Amino acid sequence: PARPLVLGIETSCDETGVGLVRGGELLADALASSVDEHARYGGVVPEIAARAHLEAMVPTIELALDRAGLHPRDVDAVAVTSGPGLAGALLVGVAAAKAYALALGVPLHGVHHLAAHVAVDTLEHGPLPRPAVALLVSGGHSSLLLVPDLAAEPVESLGATVDDAAGEAYDKVARLLGMPFPGGPPIDAAAREGSPHIPFPRAKAGDGTFDFSFSGLKTAVARWVEARRRAGEPVPVADVAASFQEAVADVLTAKAVAACRAHGVDTLVVGGGVAANSRLRALAALRCEAAGITLRIPRPGLCTDNGAMVAALGSLRVEAGVEPSPLDLPASSTLAL
Ligand code: KG4
Ligand code: ZN
Numbered sequence: 004p005a006r007p008l009v010l011g012i013e014t015s016c017d018e019t020g021v022g023l024v025r026g027g028e029l030l031a032d033a034l035a036s037s038v039d040e041h042a043r044y045g046g047v048v049p050e051i052a053a054r055a056h057l058e059a060m061v062p063t064i065e066l067a068l069d070r071a072g073l074h075p076r077d078v079d080a081v082a083v084t085s086g087p088g089l090a091g092a093l094l095v096g097v098a099a100a101k102a103y104a105l106a107l108g109v110p111l112h113g114v115h116h117l118a119a120h121v122a123v124d125t126l127e128h129g130p131l132p133r134p135a136v137a138l139l140v141s142g143g144h145s146s147l148l149l150v151p152d153l154a155a156e157p158v159e160s161l162g163a164t165v166d167d168a169a170g171e172a173y174d175k176v177a178r179l180l181g182m183p184f185p186g187g188p189p190i191d192a193a194a195r196e197g198s199p200h201i202p203f204p205r206a207k208a209g210d211g212t213f214d215f216s217f218s219g220l221k222t223a224v225a226r227w228v229e230a231r232r233r234a235g236e237p238v239p240v241a242d243v244a245a246s247f248q249e250a251v252a253d254v255l256t257a258k259a260v261a262a263c264r265a266h267g268v269d270t271l272v273v274g275g276g277v278a279a280n281s282r283l284r285a286l287a288a289l290r291c292e293a294a295g296i297t298l299r300i301p302r303p304g305l306c307t308d309n310g311a312m313v314a315a316l317g318s319l320r321v322e323a324g325v326e327p328s329p330l331d332l333p334a335s336s337t338l339a340l
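Heads up: take any position in the sequence shown, counting from 1, add 3, and you land on the UniProt record's numbering.
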């Protein structure tokens with residue numbers, strides 16, 4: 004018999020994502036994004052995101068089914084991000100998932116956004132050795148997780164940012180350098196032309212925790228740039244970008260490798276939008292190789308928020324026989340791991 008077809012819905016931030024997964028295979032992944040509507044505000048505006056999800060939800064589901072050449076009645080289960088994320092944005096996805104599950108008479112699985120970011124890697128690299136450590140870095144989160152059996156057990160938080168997320172720091176530094184939102188790609192591009200010689204701080208490095216802090220780094224960059232401007236000197240944008248990027252990649256990879264060592268883990272998964280960063284990928288590869296750790300990073304399109312990740316985790320759950328969620332599943336902006 005064919006393995007169950009799982010429809011996954013993601014709406015926790017500004018991406019309306021719908022994925023279709025059957026037995027570890029990604030059949031379709033459709034995405035609508037409101038990122039352009041947020042650009043002029045320099046960050047995601049919750050009301051705009053929620054409204055955009057509402058408009059994009061049904062067309063994106065139809066697009067995913069179309070691309071896979073499938074019909075709604077082929078769907079065997081519906082998975083949805085039930086949190087954490089923006090409350091109004093989550094509500095749209097959860098309401099849509101409930102409606103589809105109810106109308107089709109199939110089970111509903113609410114999944115945790117961070118666990119889904121980890122699960123998506125199985126679509127590219129196969130089953131995840133357990134336990135694994137995951138480094139998730141995006142505009143909304145920066146976390147180190149200990150990942151047991153993804154289908155059956157909750158992931159455990161080893162540490163997280165105490166202030167800004169890594170992607171948030173990228174966005175804020177880009178803004179002060181006059182670059183567009185989201186700031187990761189333009190900083191990444193500028194850094195290629197620069198040298199990382201400015202000694203920006205590595206907060207919490209070597210403090211024995213697996214927590215991060217990026218707000219001091221952002222302030223240090225702002226002060227450095229400000230001092231240059233006040234002195235009437237040109238700002239070496241490429242060098243600032245490269246130095247900032249080096250500081251972020253340095254602490255993220257050092258702590259990720261330390262977390263693997265501390266827990267005797269030999270597999271590191273990196274995910275989230277910042278996982279697209281070229282320096283983070285290169286430094287992670289270097290340090291994992293030196294430490295004998297297998298590094299797994301999904302392709303950039305699967306690192307950012309998408310529906311495939313939700314379908315991937317839903318699929319693992321369904322095939323493991325995990326009990327579905329009740330139809331009154333709440334959307335929780337602060338959902339715990
Ligand atoms: O996972 P994501 O698409 O959405 C959430 O925030 O959940 O991540 C978006 C974040 C943004 O802050 C963006 O600036 C950052 O990922 N980003 C990058 C790069 N591409 C995207 N940061 C650094 N380097 C990149 N190449
Ligand atoms: Zn995310």
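C-beta atoms are modelled at their ideal positions from N, C-alpha and C, and glycine is treated no differently. None of the values given here were measured: they were computed from a predicted structure.
### Task
Could you name the residues of the same chain whose beta carbon sits closer than 7 Å to that of LEU153, not counting the 5 residues immediately before and after it, in chain order?
ALA118, VAL121, ALA122, LEU131, LEU316, LEU319
### Query
Between GLY96 and ASP17, what straight-line distance do the alpha-carbon atoms span, to the nearest angstrom?
12 Å
### Task
Identify the continuous beta strand (DSSP E) that holds SER145 and give its terminal residues.
145-150
#### Entry: Selected residue, minimal CA-CA separation from VAL38, among ILE51, LEU30, GLY27, ALA31
ILE51
### Message
When you measure from the CB of ASP124 to every non-hydrogen atom of the ligand ZN, does any distance come out below 7 Å?
### Response
no
### Task
Determine, using beta carbons only, whether SER246 and GLY86 come nearer to each other than 8 Å.
Taking a C-beta distance under 8 Å as the contact criterion, SER246 and GLY86 do not qualify as a contact pair.
### Message
Suppose contacts are defined by Cβ-Cβ distances below 8 Å. Is LEU255 in contact with VAL140 by that definition?
### Response
Their beta carbons are under 8 Å apart, which means LEU255 touches VAL140 by this criterion.
### Query
Where do the ends of the alpha helix (DSSP H) carrying MET9 lie?
The sequence given here has Val at residue 9, not Met. No alpha helix (DSSP H) holds VAL9; the beta strand (DSSP E) holding it covers 8-13.
### Task
With DSSP as the reference, please indicate the residues paired to HIS115 in a beta bridge.
GLY86
### Query
SER15 and ASP308 look like a contact to me (Cβ under 8 Å); what is the Cβ gap, rounded to whole Å?
7 Å
### Query
Less than 8 Å separating the beta-carbons of GLY170 and GLY235?
no
### Task
Give the secondary structure of PHE184 by DSSP, where H, G and I count as helix, E and B as strand, and everything else as coil.
If DSSP states are grouped into helix, strand and coil, PHE184 belongs with coil.
### Query
Short check: CB of HIS74 to CB of LEU68, under 8 Å?
The answer is yes: Cβ separation under 8 Å.
### Query
Less than 7 Å between the CB of SER85 and some heavy atom of the ligand ZN, yes or no?
SER85 has its CB no nearer than 7 Å to any heavy atom of the ligand ZN.
### Task
Report, in whole angstroms, the separation of the C-beta atoms of ASP214 and VAL260, which I expect to be a contact under 8 Å.
Contact doesn't hold; Cβ gap of about 15 Å is too wide.
### Query
Can you list, in chain order, the residues of its chain whose CB lies under 7 Å from that of SER281, leaving out five sequence neighbours each side?
ASP191
### Option nearest LEU332 by Cα separation, candidates ILE201, THR84, ARG302, PHE203
Here the closest residue by C-alpha is THR84.
### Task
Return the first residue and the last residue of the beta strand (DSSP E) that ASP124 is part of.
That residue, ASP124, is in no beta strand (DSSP E); its alpha helix (DSSP H) goes 124-128.
### Message
Going by DSSP in three states, SER160 sits in which element: helix, strand or coil?
### Response
strand
### Message
Run through the DSSP bridge pairs and tell me what SER36 is partnered with.
### Response
Residue pairing by DSSP places SER36 opposite GLU18 in a beta bridge.
### Message
the ligand ZN and SER141: does the residue's C-beta get closer than 7 Å to at least one heavy atom of that ligand?
### Response
yes
### Query
What's the gap between the Cα of PRO183 and the Cα of ASP242?
18 Å
### Buried/exposed call for GLU13, threshold 16 Cβ in 10 Å
buried
### Query
How would you label LEU330, buried or exposed, when you count the other beta carbons within 10 angstroms and need 16 or more for buried?
exposed
### Query
Which residue from ALA104, ALA294, ARG231, ARG25 puts its Cα closest to that of THR125?
Among ALA104, ALA294, ARG231, ARG25, the Cα nearest to that of THR125 belongs to ARG25.
### Query
Any idea what DSSP makes of GLU236, helix, strand or coil?
coil
### Message
Please determine whether the Cβ atom of ASP308 lies at a distance below 7 Å from any heavy atom of the ligand ZN.
### Response
yes
### Query
Where TYR103 and TRP227 are concerned, what is the direct C-alpha to C-alpha distance, given to the nearest angstrom?
52 Å
#### Entry: Between the CA atoms of TYR44 and ARG264 - distance to the nearest angstrom
41 Å
### Query
In angstroms, rounded to a whole number, what distance separates the CA positions of PRO237 and SER36?
The alpha-carbon atoms of PRO237 and SER36 are separated by roughly 36 Å.
### Query
CB-CB under 8 Å to HIS128, same chain, minus the five flanking residues each way: which ones, in chain order?
Cβ within range, chain order: ARG299, PRO301.
### Task
Measure the C-alpha to C-alpha separation of ALA172 and VAL224 and round it to an integer number of angstroms.
Their Cα atoms are separated by approximately 10 Å.
### Query
Going straight from the alpha carbon of residue 341 to that of GLY27, what length do you get?
For the chain, the structure presents residues 4 to 340; residue 341 sits outside this window and is missing.
### Query
How would you write the range of the beta strand (DSSP E) that ALA137 sits in, first residue to last?
Counting along the chain, the beta strand (DSSP E) containing ALA137 begins and ends at 135-140.
### Message
Tell me the rounded alpha-carbon separation between ALA80 and PRO62.
### Response
19 Å
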